[in-house]
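Q:
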Amino acid sequence: MAARTGAAALSSPVWCSFLLLLCIFLNVCNAAISYSRQNLIDLGFEYSLSVSGEYQRTHNILEEIARPPGSPWMVCPPSKRRRRRRERKQKRGCRSGSDARLRKQPHRPALPSLFVSNARSITHKLDELELQIATTSFARNCSIILITESWLHLLIPDAAVELTGRTLHRHDRNSNSGKSRGGGLCVYVHNEWCCNSRIIHTHCSPDLEVLAVSCRPFYIPREFTVVIVIAVYIPPDANVGTALSLLLNTINKQQLAHPDGVFIVAGDFNKACLKTVLPKFVQFVDFATRGEHTLDHVYSNIRHAFRATPLPHLAGSDHLCMSLTPTYTPLLRKTKPQTKTIKTWPEGALSQLQDCFSTTVWDLFSSHNLQEYTDTVLSYIRNCVDNVTVNKRVRVFPNQKPWMNSKVQSLLKSRNTAFKSGDRAAYRAARADLSRGIRKAKAAYRRRIEDHFADNDPRKMWQGINHITNYRSNNQATSRTDASLAEDLNRFFARFETTRPSAVTPLPPAPSAGTLTLREHQVRCVLRSVNPRKAAGPDGIHGKVLRACADELTGVFTKIFNLSLSLNTVPPCLKTSTIIPIAKKTAVVSPNDYRPVALTPVVMKCFERLVCQHIRASLPPTLDPHQFAYRTNRSTEDAITIALHTALSHLEHRGSYVRMLFLDFSSAFNHIIPEILVQKLSHLGLSTPICLWIKDFLTNRPQSVRLGPHLSSTITLSTGSPQGCVLSPLLFTLYTSDCSPTHLSNTIIKFADDTTVVGLISRGDESDYRDEVNRLTEWCSVNNLQLNTTKTKELILDFRKGRADPAPLYIHGNRVERVHSMRFLGVQISDDLSWTANTTAVVKKAQQRLHFLRVLRRNNLEERLLVTFYRATIESILTYGITTWYAGCSAADRKVLQRVINTAQKITGCSLPSLEVIANSRYLSRAGNIIKDYSHPSNQVFELLPSGRRYRSHKTRTNRFRDSFFPRAITVVNKHKNN
């Protein structure tokens, strides 16, 4: 023990010396200066040496990434490095976009994601397809894989080409195709997206192979009922017309069975294009799929449904693969539910209101102050209406079905409660009750519509039809509804205010003898004709009140109207307007994308209608014969036929051509100067009191803009006429009545603010035409009308051999755009006078309306209702302006138009009149109306022969003139007289 203690005592100095030396060494080795990261970076920038080539060769740095010799070692970035999203401590929301949404919910998209490929033998490319599914998330999670040219046959079982987790639907090429191998279609449906899929149609022929699969996925937006996937293969040597006709029949049949379904038509179309027979279907592939050609197409009846992306070839296939990402936004997310305050009328409310007004002593409100008198009467009527009505706030969902009632909603809640409880028997019973309740609700709604038809109430019948079909849905609501936008729009709509012209001669004092006096029976008649569904104006008086209480309110309003006419003034409360901005486009980017719709008092509309009748009766019958708007026995067809007849009759002469200038006025009604208008009305023979009354009606008009719950401040205007007024169209036609051609070789066709100059050019002399355009431009400047040169177009009809390009036309220094086709009053006119462009536009619109007809057929409406809807919405489109273009249509165009009628016949289940029958009847009726009207500008075209039984035929040199309206109408009329 003593030895150990001694040894420890002897070793202590050694350890102490060692520790002392260690401390000294560490203190010497450690530097007194510490460097931060920024200090080291600054030292690197101050290092004067640059990168050398020897250094790069020594360290074997590749030339692709090596810096040029002589460059600095460190380079300062131009700006601060942007932090990546993963480096941020606080994330700024979720990633957006269709790809991010699909990755987040790959098996719950609004529309299915697609993988499309022309495999050319799927058995040899199955390994690569499985590899792509295993390595890429889109292929692994995509809802549908569609394969064309599968090259499968009966000897290859399903197990050989199945994919894990997917249901296979295949249709192999058979002997009906006339070929022994090749072809074939396959559709793989992901089981996690849909486990209820089945084949509903197959077709195989030498021209077309089709496989249609119906899918009821686990989730689908409420506005859709089913997803129909149609795989198509059209061989390169197929007859395109036959193939498209067969495909159209297939799609029409499925659309009739599923009018609210999503249709996806995809495959190898080669030379065919589905939009030629179904123009409302949208094609999403905008890149080449084989070489420089787009042979593989994907169509759908839903706009903005997909975004197509090219993918590499599948093994040795010569077609690119495609991925289609769904980009559709469900209606419930696109349009938020609206909360509205509606005025409900309890039972007997109108009777109480009539009793109240009948016992009112209206003479107590009488006053020599017109504004005070009118405002007191309107305030009293509003107060009485508020006493008998009840205001209620309701929420309106954009995807709510019209047959949905409180009973169905309660059954739906019960179904959801049973599902959450976990009781399978209760859930099964609740589902059955809900199905029965929906069927009963639909049947009751259908019977209610049919009862409206039986009760001769067409308004309620059409209202029900619109609810069922969603025919006239209004989804143009403004997304931004703040007070600042309302103020901005009010100032924008008031930008036309201008100073009064000083050169206008004042009118003489109004004589009392020329004052218009209204009778009570006139006021009563106009009050009874008020549309009860018209929106109330700023005064808050609904049309329903005026119509129901017409007898009780006739006396007081007759006194107010006559007092206004005698004083030549309009009370400000009656000429106040509230502007409701309606979006012209889906995406609004500027105030010019809003259309101002003026709401004026309904009482004032009745007053204007009475004054309008007096003005029409006072005008001469020969006033402005080429103004076809707002006149009896005048229509857009008359304007079109006269313009074409003027041009075609001139083109019969050799060496002639026609220049047609389609003018566009910028906000024409808003540029009317009241002083200029009054002078023109006085020259037309209108009495001075009426002229002064109209002047007061157009001046000092209060205007405000309502945008949602916000109402802008009031601006007073004295220029223009509101577009919601009854008098505005008539006043504008009278404002432009003195706009007439100076030269005989020119014709000015007018339909309201649509003005067309038809210049007849002979021997290349355009001096009269150009002088006419210059005079018209000066007339517009004098009358404060602004020409929109951007929308003004020119169409040249020239059939001369070796014709030269005419010199361009300029207006205000801006060149007028020359077009090959122009839409003139609803009819598409081409420079070659062929009607193919017009036929395409008509068929495109008619195909869209066929969808609504299928919806009605799906709801089991009666045949007469289907025919009524067809004639009002589809036949009216097909036959609009038919007398101007039908005879000049080619056989192919007529076949396309007749195809729409044939489809409608299959839907309605009854025969419908052909276009030939309709055209001949329209020729007879229009010709008869023109012959009876001696003031019609075309009356002299129908010239009787000395026999007095037939009309003189026109000598025609060309088929285009022979097939125009007047020569064709004379032929039909003469043939009808002979029969």
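Quick note on numbering: the sequence shown equals residues -31 to -1, 1 to 948 in mature numbering (1 follows the signal peptide of the UniProt record, and there is no 0). Glycine included, each C-beta is placed from N, C-alpha and C at the ideal position.
(1) Between residue 297 and the rest of its own chain, which residues show a CB-CB distance below 7 Å, the 5 nearest in sequence each way excluded?
(2) Classify residue 903 as buried or exposed, calling it buried when 16 or more other Cβ atoms lie within 10 Å of its own Cβ.
(3) Kindly give me the distance between the Cβ atoms of residue 268 and residue 234, rounded to whole angstroms, as I take these residues to be in contact under 8 Å.
(4) Specify whether the stretch 501 to 513 and the stretch 293 to 311 touch according to this definition: at least 3 beta carbon pairs, one from each stretch, less than 8 Å apart.
(5) For residue 481, count neighbouring C-beta atoms within 10 Å of its own C-beta (all shown protein chains included) and say buried if the count is 16 or more, exposed if not.
(6) Would you mind sorting residue 665 into buried or exposed? The rule is 16 or more other CB atoms within 10 Å of its CB.
(7) Can you check whether the CB of residue 203 is closer than 8 Å to the CB of residue 212?
(8) Is any heavy atom in the ligand ADP found nearer than 7 Å to the beta carbon of residue 625?
(9) Thinking just about the alpha-carbon of each residue, which of 740, 637, 726, 751 is nearest to the one in residue 697?
(10) Considering Cα atoms alone, identify which of 739, 795, 247, 463 is closest to residue 730.
(11) Whole angstroms are fine: how far does the CA of residue 750 sit from the CA of residue 756?
(12) Do you know whose CA, among 84, 505, 618, lies nearest residue 290's CA?
(13) Roughly how many angstroms lie between the CA atoms of residue 809 and residue 803, to the nearest whole one?
(14) Using a 10 Å radius around the Cβ and a threshold of 16 neighbouring Cβ atoms, would you call residue 472 buried or exposed?
(15) Roughly how many angstroms lie between the CA atoms of residue 214 and residue 195, to the nearest whole one?
(16) Which residue comes first and which comes last in the alpha helix (DSSP H) that contains residue 573?
(17) Just to confirm the assignment, what range does the beta strand (DSSP E) spanning residue 953 have?
(18) If you compare alpha carbons, which of 600, 117, 778 is closest to residue 906?
(19) So, does the stretch 555 to 568 touch the stretch 343 to 360, judging by three or more C-beta pairs under 8 Å?
(20) When the cut-off is 8 Å and only beta carbons count, does residue 524 lie next to chain C?
(21) One question on the structure: do residue 283 and residue 103 come within less than 8 Å of each other, judged by their Cβ atoms?
(22) By alpha-carbon positions, which one of 671, 222, 630, 724 ends up nearest to residue 462?
(23) Roughly how many angstroms lie between the CA atoms of residue 581 and residue 684, to the nearest whole one?
(24) Please state the DSSP three-state secondary structure of residue 101.
(25) For residue 279, which of helix, strand or coil comes out of DSSP?
(26) For the stretch 845 to 863 and the stretch 823 to 832, state whether three or more C-beta atom pairs, one from each stretch, are separated by less than 8 Å.
(27) Along the chain, which unbroken stretches of the beta strand (DSSP E) at least 3 residues long are found entirely within the stretch 624 to 652?
(28) Where does residue 74 fall in DSSP's three states?
(29) Do three or more CB pairs link the stretch 622 to 641 to the stretch 757 to 764 at distances below 8 Å?
(30) Got a sec? Which residues, its chain only, sit under 7 Å from residue 569 by beta carbon, not counting five neighbours each side?
(31) Among 124, 456, 837, which residue has its Cα nearest to the Cα of residue 680?
(32) Could you tell me how far apart the beta carbons of residue 92 and residue 129 are, in whole angstroms, since I believe they sit closer than 8 Å?
(33) Out of curiosity, what's the CA-to-CA distance linking residue 659 and residue 520?
(34) Compare the Cα-Cα distances from residue 132 to each of 392, 788, 160 and report the closest residue.
(35) Near residue 608, which residues of its chain fall below 7 Å by C-beta distance, leaving aside the five closest residues on each side in sequence?
(36) Is the stretch 107 to 124 in contact with the stretch 151 to 167, if contact means three or more CB pairs nearer than 8 Å?
A: Answer, in terms of the structure:
(1) 79, 80, 271, 273, 274
(2) exposed
(3) 4 Å
(4) no
(5) At residue 481 the pLDDT is 46, less than 50, meaning the model places this residue with poor confidence and gives no usable figure here.
(6) buried
(7) yes
(8) No copy of the ligand ADP occurs in the structure displayed, which carries no ligand at all.
(9) 637
(10) 739
(11) 9 Å
(12) 84
(13) 12 Å
(14) At residue 472, the pLDDT of 48 sits below 50, so the modelled position is not reliable; the number obtained from the coordinates is stated separately. With fewer than 16 Cβ atoms within 10 Å of its Cβ, residue 472 is classed as exposed.
(15) 24 Å
(16) 571 to 587
(17) With the chain covering -31 to 948 only, the question about residue 953 has no answer from this structure.
(18) 600
(19) no
(20) Looking for chain C here will not work: only one protein chain is present.
(21) no
(22) 671
(23) 27 Å
(24) helix
(25) strand
(26) no
(27) 625 to 632
(28) coil
(29) yes
(30) 506, 546, 691, 693, 694
(31) 456
(32) 7 Å
(33) 27 Å
(34) 160
(35) 597, 718, 720, 794
(36) yes
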